[in-house]
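Written out below as structure tokens is the structure these notes cover.
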Amino acid sequence: MEKTGKTEFADYICLGTRGTIKSDSTLNVGLKAITNSCNLPKISMHGLRHMFATALIELNVPLETISAALGHKNVNTTFEIYCGIMDAAEQIKNTVSNTMDPAIALKNSALKGDQ
189 MEKTGKTEFA DYICLGTRGT IKSDSTLNVG LKAITNSCNL PKISMHGLRH MFATALIELN
249 VPLETISAAL GHKNVNTTFE IYCGIMDAAE QIKNTVSNTM DPAIALKNSA LKGDQ
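Mapping to my numbering: the sequence shown position 12 is 200, numbers consecutive.
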């Protein structure tokens with residue numbers, strides 16, 4: 189950026205030598221080289237973006253914060269894309285709590301015995 193004087197993308201972390209945004213295909217080529225050299229499964233930048241958002245959801249980061257981090261103009265966009273993940277996470281949490289928490293399991297078995 190200093191060479192070109194462009195400041196349009198100053199907030200971006202991955203720019204080309206001319207101060208412009210690198211294309212997805214360029215980033216994916218680099219990512220493929222990294223995953224190959226480290227014997228990791230192949231993943232795209234888009235896949236990494238979804239993993240990032242999913243990890244934040246699992247950490248109970250507020251949706252507004254996730255939306256801002258992803259660059260969504262509206263939190264509803266984030267909600268529409270990731271609401272299935274949030275629902276699934278809640279179902280998993282409930283299932284684990286109801287079956288693996290000893291106090292809840294004891295209570296549930298006592299209730300079944302009353303039937």
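Quick reminder that beta carbons are idealized off the backbone N, C-alpha and C, glycines included. In this text, all values refer to a predicted model and were calculated from it rather than measured experimentally.
Give the straight-line distance between the Cα atoms of residue i and residue j, rounded to the nearest whole angstrom.
i, j, result
"histidine 238", "serine 232", "10 Å"
"glycine 235", "alanine 257", "15 Å"
"threonine 242", "tyrosine 270", "8 Å"
"threonine 253", "histidine 260", "10 Å"
"isoleucine 245", "glutamate 268", "13 Å"
"glutamate 278", "asparagine 262", "23 Å"
"cysteine 379", "threonine 265", "Nothing about residue 379 can be read from this structure; the chain reaches only from 189 to 303."
"methionine 189", "threonine 205", "With a pLDDT of only 46 at methionine 189, under 50, the local geometry of the prediction cannot be trusted, and the value read off the model is given with reservation. C-alpha separation (whole angstroms): 7 Å."
"glycine 207", "leucine 219", "20 Å"
"serine 255", "valine 217", "27 Å"
What does residue i pair with, by DSSP beta-bridge criteria?
i, result
"lysine 231", "Rather than lysine, the amino acid found at residue 231 in this sequence is isoleucine. None, per the DSSP bridge assignment."
"isoleucine 209", "Leu203"
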